[in-house]
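Novice:
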Amino acid sequence: MKIGFLGAGAIGGYFGGTLSQAGHEVGYVARGKTLEALHSGLTLIDASDNETLIPSPPAAETFAELIEQLGGLDVAIIATKALPGNDTFGPDPESLTGIPVVTTHNSVEIPYLAAAHFGEENVLAGVARVFATRLGSAKIKRNPGPLSLAFGPMTGSIPVGQQLAAALNEAGARGKYHAEPLVDVWAKAMFVTTTGTLGALVDRPIGYLIDEIPGQLEAFMREVETVARALEVALPNNVVEQTMGFAREQYPQATTSMQRDIKDRLPNELDAQVGAIRRMGQRAGVATPLFDFAQDVLEAQLRN
1 MKIGFLGAGA
11 IGGYFGGTLS
21 QAGHEVGYVA
31 RGKTLEALHS
41 GLTLIDASDN
51 ETLIPSPPAA
61 ETFAELIEQL
71 GGLDVAIIAT
81 KALPGNDTFG
91 PDPESLTGIP
101 VVTTHNSVEI
111 PYLAAAHFGE
121 ENVLAGVARV
131 FATRLGSAKI
141 KRNPGPLSLA
151 FGPMTGSIPV
161 GQQLAAALNE
171 AGARGKYHAE
181 PLVDVWAKAM
191 FVTTTGTLGA
201 LVDRPIGYLI
211 DEIPGQLEAF
221 MREVETVARA
231 LEVALPNNVV
241 EQTMGFAREQ
251 YPQATTSMQR
261 DIKDRLPNEL
271 DAQVGAIRRM
281 GQRAGVATPL
291 FDFAQDVLEA
301 QLRN
């Protein structure tokens, strides 16, 4: 397959590198130091600390250039963080017209925005699950834990999505193509956004949230559930209990990247994650008082 990634960070770098090792034609849209580093090579470090160098993968500043380098593109995977000032779908999304696009953001809003931009028939709403760290430009370390990329069409069927899932599985990264991708998107947000938000408010890792303030964490999860159900997302009846159970299984000192970025006063996904749930709540006519409070408090802290 010919696969283009927007971004070569934890998601794009590791999944893209894994697919490249399996023999697929993988290229990257990147900029600055990352683009420069890719010209020398992409370094992957797996969960057992084995290091692999993928020499000089195709890389360009725009999708138009990358498509020319690869001689076409079967699918584009948007693997950047939804940070303030970022071009969510790349510098030239018009170059992706008619090409299936996979979203991977930790934002319940992005699949809907992608559908409005590219057309529902071209969008595969996706969820990436991997504990990976960007150690430097084009250098990605995978930590122990899951390695999967699940996605599905916003409407109808997109055959290339099934091909991509098969390619991921053959490469050793679990790929899943399924019919209700928004269930997965919202279920992941129920874990990532709630633990990141509450963790940032109290400046504590997930173990503290589960052991000391589980009621507050569950209340945030219930608010996500209420919005999703108002949007007719068919979450399992026990999704909150499942998510709390999953949280209990995690490394107690774990924190989310959004939480770490907020603590370090770096550009962060606060609006893309928390603001998105609030906006989707407004769209559904559902109040989100906990997330309203959290975003206001965290934004005030960042201003001071």
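Per the UniProt record's numbering, the very first residue in the sequence shown carries number 1; after that it's consecutive.
Virtual Cβ for every residue (Gly too), placed ideally from N, Cα, C.
Where T256 and T243 are concerned, what is the direct C-alpha to C-alpha distance, given to the nearest angstrom?
Specialist: So the alpha carbons of these two residues sit roughly 15 Å apart.
Novice: May I ask which residues mark the beginning and end of the alpha helix (DSSP H) holding V202?
Specialist: It spans P181 to V202 - the alpha helix (DSSP H) in which V202 sits, taken as one unbroken run.
Novice: Comparing C-alpha positions only, which one of G126, D271, I77 and A171 sits nearest to T197?
Specialist: Closest option to T197, Cα to Cα, is D271.
Novice: What is the residue span of the alpha helix (DSSP H) that N169 lies within?
Specialist: Its alpha helix (DSSP H) spans residues P159 to A171.
Novice: To test your reading of the DSSP string, which unbroken alpha helix (DSSP H) runs of 4 or more residues are found completely within the region 199-286?
Specialist: Here the runs fully enclosed are 206-212, 214-230, 239-248, 257-263 and 276-284.
Novice: So which of L6, L53, S40 and E36 has the shortest CA-CA distance to T18?
Specialist: Selected option, being the one with the closest Cα: L53.
Novice: Would you mind reading off the limits of the beta strand (DSSP E) that contains A132?
Specialist: Element bounds for A132: V123 to G136.
Novice: Whole alpha helix (DSSP H) runs in the region 7-31 with 4 or more residues, listed along the chain?
Specialist: Runs found: 10-21.
Novice: Note down the Cα distance separating R200 from N106, rounded to an integer number of angstroms.
Specialist: Before going further, note that residue 200 is Ala rather than Arg in the sequence given. So the alpha carbons of these two residues sit roughly 16 Å apart.
Novice: Would you list the one or two residues that DSSP bridges to V102?
Specialist: For V102, which the question treats as bridged, DSSP gives the partners I77 and L124.
Novice: Can you list, in chain order, the residues of its chain whose CB lies under 7 Å from that of K81, leaving out five sequence neighbours each side?
Specialist: Hits under 7 Å: E269.
Novice: For A114, does the three-state DSSP call read helix, strand or coil?
Specialist: Three-state result, A114: helix.
Novice: Can you say whether D49 is buried or exposed, counting buried as having 16 or more other CB atoms within 10 angstroms of its CB?
Specialist: The residue in question, D49, is exposed, as its Cβ has fewer than 16 Cβ neighbours within 10 Å.
Novice: With a cut-off of 7 Å, does the C-beta of T18 fall near any C-beta of chain C?
Specialist: No chain C appears in the structure shown, which is made up of a single protein chain.
Novice: Look up E68 in the DSSP assignment and say whether it is helix, strand or coil.
Specialist: E68: helix per DSSP, three-state reduction.
Novice: Taking R248 as the reference, which of E223, I210 and E225 has the closest Cα?
Specialist: If we check each option's Cα against that of R248, I210 comes out closest.
Novice: Just the C-alpha distance for T62 and E68, rounded to the nearest angstrom, thanks.
Specialist: Spanning the two alpha carbons is a distance of roughly 10 Å.
Novice: Taking G13 as the reference, give the member of A171, T43, M1 and F131 with the closest Cα.
Specialist: Of A171, T43, M1 and F131, the residue nearest in Cα terms is T43.
Novice: Can you tell which of I206, E299 and V29 has its C-alpha closest to the C-alpha of F89?
Specialist: F89 has its Cα closest to that of V29, out of I206, E299 and V29.
Novice: Given this structure, state the Cα-to-Cα distance separating R229 from G85, to the nearest angstrom.
Specialist: If you take the alpha carbons of R229 and G85, they lie about 31 Å apart.
Novice: Is F151 helix, strand or coil when you go by DSSP?
Specialist: Of the three classes helix, strand and coil, the one that applies to F151 here is strand, per DSSP.
Novice: Between which two residues does the alpha helix (DSSP H) harbouring E109 extend?
Specialist: From DSSP, E109 is part of no alpha helix (DSSP H); its letter is neither H nor E.
Novice: Could you tell me whether the Cβ atoms of A179 and M154 are closer together than 7 Å?
Specialist: Against a cut-off of 7 Å, the Cβ pair of M154 and A179 comes out as no contact.
Novice: Just to confirm, is the Cβ distance from A276 to P144 under 7 Å?
Specialist: In this structure, P144 does not lie closer than 7 Å to A276 by Cβ.
Novice: Specify, as a first and last residue, the run of the beta strand (DSSP E) that L42 falls within.
Specialist: Unbroken beta strand (DSSP E) run through L42: L42 to I45.
Novice: When we look at the beta-carbon of residue 316 and count the other beta-carbons within 10 Å, is it buried (16 or more) or exposed?
Specialist: Summary: the structure shown does not reach residue 316, with the chain confined to residues 1 through 304, and so no result is reported for it.
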